[in-house]
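Numbering (numbering that gives the first Met the number 0), first residue to last: 0 to 446. Below is one structure, written out as structure tokens, with a few remarks after it.
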Amino acid sequence: MSRTHYSHWYGRPNDHLKLPLEGGFALRIFLCFAMAYFMSYAFRTINVVIAPDLVRDLQISNADLGLLSSAYFVGFGMTQIPLGLALDRFGPRITETWVMTLAVIGAIMFALAENFNTLVIARVLIGMGVSACLMAAFSGFRAWYAPSQQGQLASAMLVFGTSGALASTWPVHLVTPYIGWRGVFLVLAGLSFLAILILYFGLPVRKQHQQRQHTNHEVPSAQANLSWQSYQPILTNPFFWRILPLGTFCYGGFIAIQTLWFGPWLIEVMEYHPSTAAQIVFGFNTVLLFAYLFNAWILPKLAKRGVDTMRYMTWMVGASMIMQACAYFWQTPLVWIWWYLFAITCASFVLAQSIIVLYFPKHYSGRVSTTYNLTLFIGAFIVQWGIGHLLDLGIALGWNKTSAYDLALAVFLVVQIAGFIWFLIAPKYFPATFFRDDEATDEAIKI
Numbered sequence: 000m001s002r003t004h005y006s007h008w009y010g011r012p013n014d015h016l017k018l019p020l021e022g023g024f025a026l027r028i029f030l031c032f033a034m035a036y037f038m039s040y041a042f043r044t045i046n047v048v049i050a051p052d053l054v055r056d057l058q059i060s061n062a063d064l065g066l067l068s069s070a071y072f073v074g075f076g077m078t079q080i081p082l083g084l085a086l087d088r089f090g091p092r093i094t095e096t097w098v099m100t101l102a103v104i105g106a107i108m109f110a111l112a113e114n115f116n117t118l119v120i121a122r123v124l125i126g127m128g129v130s131a132c133l134m135a136a137f138s139g140f141r142a143w144y145a146p147s148q149q150g151q152l153a154s155a156m157l158v159f160g161t162s163g164a165l166a167s168t169w170p171v172h173l174v175t176p177y178i179g180w181r182g183v184f185l186v187l188a189g190l191s192f193l194a195i196l197i198l199y200f201g202l203p204v205r206k207q208h209q210q211r212q213h214t215n216h217e218v219p220s221a222q223a224n225l226s227w228q229s230y231q232p233i234l235t236n237p238f239f240w241r242i243l244p245l246g247t248f249c250y251g252g253f254i255a256i257q258t259l260w261f262g263p264w265l266i267e268v269m270e271y272h273p274s275t276a277a278q279i280v281f282g283f284n285t286v287l288l289f290a291y292l293f294n295a296w297i298l299p300k301l302a303k304r305g306v307d308t309m310r311y312m313t314w315m316v317g318a319s320m321i322m323q324a325c326a327y328f329w330q331t332p333l334v335w336i337w338w339y340l341f342a343i344t345c346a347s348f349v350l351a352q353s354i355i356v357l358y359f360p361k362h363y364s365g366r367v368s369t370t371y372n373l374t375l376f377i378g379a380f381i382v383q384w385g386i387g388h389l390l391d392l393g394i395a396l397g398w399n400k401t402s403a404y405d406l407a408l409a410v411f412l413v414v415q416i417a418g419f420i421w422f423l424i425a426p427k428y429f430p431a432t433f434f435r436d437d438e439a440t441d442e443a444i445k446i
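And the structure:
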């Protein structure tokens with residue numbers, strides 16, 4: 000098949016790359032992806048802080064608020080399959096720069112919208128626009144960096160993503176009285192356009208090289224298409240189905256809580272002032288950021304002691320269930336401590352994405368990462384909208400808001416526990432399988 004190679008875009012376009020990347024160029028590539036993911040997380044989290052303003056200005060219900068926020072995940076999910084095909088055929092640079100233009104358009108529409116339906120459409124466009132920010136990075140990391148670095152890189156990306164979440168909490172709360180939520184989205188549109196320029200001028204170009212023979216079970220990356228043959232190695236892989244619930248319910252559900260319901264829970268259940276709630280959310284994301292940094296630091300050290308990423312992730316996911324139970328139902332003035340401990344443990348959820356990509360050859364990286372990510376955001380959509388509906392149901396039954404939240408979060412926690420149990424027992428039915436990656440031994444790429 001046609002082998003795909005990469006070269007410098009800026010300065011010396013005909014120079015070959017020595018893989019895995021090292022030094023300043025490796026850092027530059029990482030930072031290009033990190034800037035875009037910073038914006039992705041800012042868009043994802045912004046509604047936590049502006050939710051009271053949206054409810055006041057638009058007179059929407061809890062279910063409508065959940066629908067508006069989860070519209071982001073609808074757009075995100077809609078693009079995952081075509082995005083995976085594009086990443087495997089055209090590479091991260093072209094794919095991410097073109098797709099991210101939708102986020103700029105969506106942010107401008109959101110800022111200028113005069114009705115709820117326009118806001119939903121704009122939110123869908125934003126979700127579509129930032130859908131490539133992490134998946135393009137995983138595809139590039141798989142191609143350009145050593146396998147042993149994948150967990151570190153994933154955690155480091157989440158450091159920048161969480162920085163975007165931080166920037167969209169307390170700082171946004173401070174500036175919103177002056178520029179309004181519409182002004183906030185115009186600023187986000189401008190920063191997104193800047194991220195597009197950085198990606199276009201900073202990432203390597205993808206070039207086609209020589210032909211080589213391929214076996215019958217392989218699908219050439221340049222011919223990846225929407226067919227059963229193209230996706231069969233993924234959808235029939237035992238490990239994919241074993242780890243699926245961790246993405247769908249644990250990570251997806253965490254995103255739903257982090258990006259919407261955490262703030263309203265603090266205000267409506269704990270009766271904190273919105274300003275205090277924004278500070279607690281800011282602190283939560285700060286702890287999460289340091290937890291990602293800790294993971295990037297500790298994983299290589301644990302590997303030297305024989306503790307692999309999978310084992311570390313398993314223990315941390317299990318611990319997250321305990322922290323969530325305490326955070327949701329131990330409603331004391333110091334409840335924020337449990338939320339911060341939850342932030343530390345849930346920082347391991349992203350490791351599943353880096354682990355699953357390594358189970359497939361490089362030319363499957365785009366399809367693998369986006370297929371798994373699709374299930375993640377399906378879970379985020381279901382949990383985010385489902386909690387809103389359960390809240391309205393409880394209130395309609397005459398319950399107070401605290402009891403309604405208890406019902407919604409209890410259902411969410413039970414589903415997570417069931418998914419984690421499946422992950423633990425699945426090896427008995429689905430033994431782990433590995434693919435042979437012929438490209439893994441390439442030491443240098445030549446034009």
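We treat Cβ as the ideally placed atom computed from N, Cα and C, and that holds for glycine.
Assigned with DSSP and collapsed to three states, V204 falls in strand. Assignment of P263 by DSSP, reduced to helix, strand and coil, places it in the helix class. A direct Cα-to-Cα measurement between A302 and I197 gives close to 34 Å.
A Cβ-Cβ distance of about 17 Å is found for the pair T374 and T258, leaving them out of contact under the 8 Å criterion.
Each of S226, P273 and G251 was checked against the Cα of G83, and the nearest Cα belongs to S226.
Straight-line spacing of the CA atoms in P146 and I424 works out to 27 Å. The three-state reading of DSSP puts A346 in coil, since its state is none of H, G, I, E or B. Here M127 is buried, its C-beta having at least 16 other C-beta atoms within 10 Å. The segment 293-310 and the segment 387-396 do not touch, with fewer than 3 CB-CB distances between them shorter than 8 Å.
DSSP places Y291 inside the alpha helix (DSSP H), whose first and last residues are P273 to K303.
The beta carbon of A276 sits closer than 7 Å to the beta carbons of G262, L265 and I266 from its chain, once the five residues preceding and following it are set aside; these are given in chain order. Pairing V367 with F359 gives a Cβ-Cβ distance under 7 Å.
Annotated three-state conformation of S130 is coil, per DSSP.
Around the beta carbon of N116, fewer than 16 other beta carbons sit within 10 angstroms, so the residue counts as exposed. Annotation: T258 is outside any alpha helix (DSSP H) and is labelled neither H nor E by DSSP. By the CB criterion at 7 Å, M312 and L357 fall outside the cutoff. Around the beta-carbon of W296, fewer than 16 other beta-carbon atoms lie within 10 Å, marking it exposed. Counting of Cβ neighbours within 10 angstroms places S364 among the buried residues, the total reaching 16 or more. Excluding its 5 nearest sequence neighbours in each direction, R92 has C-beta neighbours in its own chain below 6 Å: L202, listed in chain order. Within the segment 65-141, the complete alpha helix (DSSP H) segments at least 4 residues long are 79-89, 91-111 and 115-128, listed from N- to C-terminus. Boundaries of the alpha helix (DSSP H) around N372: S364 to A395.
Annotated three-state conformation of W314 is helix, per DSSP. Relative to the Cα of I28, the nearest Cα in the group V204, L340, A255 and D405 belongs to V204.
When the beta-carbon positions are compared, A166 and A35 stay at least 7 Å from each other. Distance from the CA of F24 to the CA of R310, rounded to the nearest whole angstrom, comes to 32 Å. Your pair S353 and G150 checks out as a contact, with CB atoms roughly 5 Å apart and the cut at 8 Å.
Under the three-state reduction of DSSP, N236 is assigned to coil, being neither helix nor strand.
Within its own chain, the residues whose Cβ lies closer than 6 Å to the Cβ of M108, once the five positions on either side in sequence are excluded, are A121, listed in chain order.
Contact annotation: the segment 123-142 touches the segment 95-111, with at least three C-beta pairs closer than 8 Å.
At the C-beta level, G251 and A379 come within 7 Å of one another. Between C345 and W337 the beta-carbon gap is near 12 Å, outside 8 Å, which marks them as no contact.
In the structure shown, V306 adopts coil according to DSSP, grouped into three states. Scanning N46, V158 and F422 for the CA closest to the CA of A255 turns up N46. When only Cα atoms are considered, D87 and G163 end up about 27 Å apart. For Q151, the uninterrupted alpha helix (DSSP H) run begins and ends at Q149 to A166, by DSSP.
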